[in-house]
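Here's the structure we're looking at; comments come further down.
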Amino acid sequence: MIYNSTVKKEIFNEFVNQNGVSLMNHVANTCGIEEFIAVASVLCPEVIKVNDCIFISEFYQNNIEQLEEQFENDRKRIEQFVNSWSLGDFFLESYTYSVENETIINQFGEVLVHFWGKRMKELFPNRNVVVEIGENIMGESGLVITLYQE
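This note's numbering puts the last residue of the sequence shown at 158; the count rises by one with no breaks.
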């Protein structure tokens, strides 16, 4: 019995620069330990809860009162606004052609949805936290990830 990875192994064929014979081998050949640990912090981010709102702490700017006023205390909209992140913007400083590859950027989004979803279930098992990707969410351009409570 084979239990497939979260990442489709065929995605490797889309890579412009293949540094190995498989995805795992590619990581071993291109990613140092510091980069790998940093990636883990993206997949399993620090989360903060403020006034019953759930935020990826990297995105929260300690401005809950302003957000509550701006969105008329609508928790879903507050969470979506703070937690929405353009996937292409993640790679501004490390841009490669692969960011323009729809198959690759969609796979990146699916990976984040998978891991962030697991993180939310781990931290908030009794809450319905939605993690999803979509186009142009809450003012972010292109493919965007967001999370919010239903």
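Where a beta carbon is used, it is the ideal one built from N, C-alpha and C, also for glycine.
Is the beta carbon of residue j closer than 8 Å to that of residue i?
i, j, result
"residue 91", "residue 132", "no"
"residue 77", "residue 86", "no"
"residue 148", "residue 94", "yes"
"residue 127", "residue 157", "no"
"residue 59", "residue 72", "yes"
Hey, out of the options, whose CA is closest to residue i's CA?
i, options, result
"residue 163", "145, 20 and 150", "A query on residue 163 cannot be resolved here, the shown segment of the chain reaching from 9 to 158 and no further."
"residue 139", "155, 56, 15 and 29", "155"
"residue 16", "38, 113, 100 and 150", "113"
"residue 25", "69, 99, 104 and 32", "104"
"residue 18", "111, 129, 137 and 70", "111"
Just to check my reading of the structure: residue i and residue j have Cβ atoms closer than 8 Å, yes? What is that Cβ distance to the nearest angstrom?
i, j, result
"residue 79", "residue 89", "7 Å"
"residue 13", "residue 20", "About 11 Å separates the two Cβ atoms, so there is no contact after all."
"residue 96", "residue 150", "5 Å"
Exercise. Which whole runs of the alpha helix (DSSP H) in the stretch 35 to 103 are 4 residues long or more, in chain order?
Worked result: Listed in chain order, the complete alpha helix (DSSP H) runs (minimum 4 residues) inside the stretch 35 to 103 are 41 to 51, 72 to 78 and 83 to 91.
Exercise. Can you list the alpha helix (DSSP H) stretches of 4 or more residues lying completely in the stretch 102 to 148, in chain order?
Worked result: The alpha helix (DSSP H) runs of length 4 or more contained entirely in the stretch 102 to 148 are, from start to end of the chain, 110 to 131.
Exercise. Touching or not, the stretch 44 to 55 and the stretch 122 to 139, by the rule of three or more beta carbon pairs under 8 Å?
Worked result: Remark: three or more beta-carbon pairs, one from each stretch, lie closer than 8 Å, so the stretch 44 to 55 and the stretch 122 to 139 are flagged as touching.
Exercise. Within the chosen definition, does the stretch 110 to 117 reach the stretch 27 to 47 through at least 3 CB pairs nearer than 8 Å?
Worked result: no
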